[in-house]
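Q:
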Amino acid sequence: YDSLIESRKIGLGSYVSMGTQLGKVLSTADAEIRLPIADKEIQFLNNKGKNAEVILKGDFAGKPQEWKATIVRSEGVIDSRSRMTYLVAEVSDPYGLKSNLNELRYGTYVTATIEGLHAGQVTEVARHLVINNQVAVIDDKGVLRYKDVTIVRQIGSKVIITDGLDVGMNVITSALDYPIEGMQLALPKDKVFDGEVLAPKPTQIAMGEKE
1 YDSLIESRKI GLGSYVSMGT QLGKVLSTAD AEIRLPIADK EIQFLNNKGK NAEVILKGDF
61 AGKPQEWKAT IVRSEGVIDS RSRMTYLVAE VSDPYGLKSN LNELRYGTYV TATIEGLHAG
121 QVTEVARHLV INNQVAVIDD KGVLRYKDVT IVRQIGSKVI ITDGLDVGMN VITSALDYPI
181 EGMQLALPKD KVFDGEVLAP KPTQIAMGEK E
């Protein structure tokens, strides 16, 4: 098969015995990349990741580049040190010998994005806004309500919600003193009307954002 020579252990005219390593060659037809993934993340992949599309990002000649790959298998074990499972991605024609693509040279550092399950309509909110699986919102009448939500994933300081919040809801993002469901709230814009400052009312001011 087409390959390149990575190293050579003997010279021209050398005598070798059975089992002697002559050198090391690397295939240029296909390349494989081991991708570590936390065991808990596998639930978000179709068929445990097999045949999933992968986008690899790295640098070539000092410029950012992308390459396409496909998950061909899982190594099937958890690494004893990192506690990670390794998926193996395959890149066809990594050196661009049959195409005009830039080289993905052996030893290149890359980051990988693996295609996962499609969650459909979801909402991303800050993790601290979810308390006991509920999110505080302001309804159309300016009243505080708590909505039960379903969290499918946490990514850093954000959570992904699949159920509980509808398009157009005002989510409260500021802290409230002694919040009680059903209490009357006011947005900052409600304090000014036609350029005139309204008289204070026994309500609390809340910041809202459209989701």
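Here the sequence shown is numbered in our numbering, starting from 1 and rising by one per residue. Glycine residues also receive a C-beta, built at the ideal position from the N, C-alpha and C atoms. Nothing here was measured: the structure is a model prediction, and the numbers come from that model.
Arginine 105 CB to nearest chain C CB: under 9 Å?
A: No chain C is present in this structure, which holds just one protein chain.
Q: Any idea if proline 202 is buried or exposed, counting beta-carbon neighbours within 10 angstroms, 16 or more meaning buried?
A: Taking the sequence shown and counting its residues from 1, the one referred to as residue 202 is at position 202. In this prediction, proline 202 scores a pLDDT of 49, lower than 50, which makes its location untrustworthy; no coordinate-derived value is stated.
Q: I need the straight-line Cα distance from asparagine 100 to proline 94, nearest angstrom please.
A: Taking the first residue of the sequence shown as position 1, residue 100 is located at position 100. Taking the first residue of the sequence shown as position 1, residue 94 is located at position 94. Cα to Cα, asparagine 100 sits roughly 11 Å from proline 94.
Q: Between Leu26, Ile33, Met18, Lys24, which lies nearest to isoleucine 114 when the distance is taken from Cα to Cα?
A: Numbered from its first residue, the sequence shown carries residue 114 at position 114. Nearest C-alpha to isoleucine 114: Ile33.
Q: Compute the distance between the beta-carbons of leucine 220 and leucine 144, then report whether it is under 9 Å.
A: What is shown of the chain runs 1 to 211, which leaves residue 220 out entirely.
Q: For leucine 198, does the count of other Cβ atoms within 10 angstroms reach 16, so buried, or fall short, so exposed?
A: To locate residue 198, count along the sequence shown from 1; it is residue 198. Note that leucine 198 has pLDDT 47, beneath the 50 cutoff, so the model's placement of it is unreliable and no number is given.
Q: Please classify glutamate 41: does DSSP put it in a helix, a strand, or coil?
A: Here residue 41 corresponds to residue number 41 of the sequence shown, with the count starting at 1. DSSP places glutamate 41 within a helical segment (H, G or I) once states are collapsed to three.
Q: Any chance you could list the beta strand (DSSP E) runs of at least 3 consecutive residues sitting entirely within the stretch 65-104, in chain order?
A: 84-92
Q: Looking at the unbroken beta strand (DSSP E) that takes in serine 27, where does it start and where does it end?
A: Locating residue 27 in the sequence shown gives position 27, where the first residue counts as 1. First-last of the beta strand (DSSP E) with serine 27: 23-27.
Q: On a Cα-Cα basis, can you pick out the residue from Arg73, Ile5, Asp79 that is closest to aspartate 39?
A: Here the question's residue 39 lines up with position 39 in the sequence shown. Selected option, being the one with the closest Cα: Asp79.
Q: Could you pull the start and end residues of the beta strand (DSSP E) that leucine 187 belongs to?
A: Within the sequence shown, residue 187 is the residue found at index 187, counting from 1. Neither: leucine 187 is in no beta strand (DSSP E) and is coded neither H nor E.
Q: To the nearest angstrom, how far is it from the Cα of alanine 136 to the Cα of glutamine 121?
A: Sequence index remark: in the sequence shown, residue 136 carries index 136 (1-based). Sequence index remark: in the sequence shown, residue 121 carries index 121 (1-based). Straight-line spacing of the CA atoms in alanine 136 and glutamine 121 works out to 20 Å.
Q: Since asparagine 170 is in the beta strand (DSSP E), which residue starts that stretch and which ends it?
A: If you number the sequence shown from 1, residue 170 lands on position 170. Residues 170-172.
Q: Using DSSP with H/G/I as helix, E/B as strand and the rest coil, what is lysine 141?
A: Residue 141 sits at position 141 when you count from the first residue of the sequence shown. Lysine 141: coil per DSSP, three-state reduction.
Q: If you drop the 5 nearest sequence neighbours on each side, which residues of the same chain put their C-beta closer than 8 Å to that of valine 91?
A: Stepping through the sequence shown from its first residue, residue 91 is reached at position 91. Closer than 8 Å at the Cβ level, and outside the excluded window around valine 91, lie Asp30, Ala31, Glu32, Ile33, Leu56, Trp67, Lys68, Ala69, Leu104.
Q: Whole angstroms is fine: what's the gap from glutamate 181's alpha carbon to histidine 128's?
A: Taking the first residue of the sequence shown as 1, we reach residue 181 at position 181. Taking the first residue of the sequence shown as 1, we reach residue 128 at position 128. Going by the C-alpha atoms only, they are around 18 Å apart.
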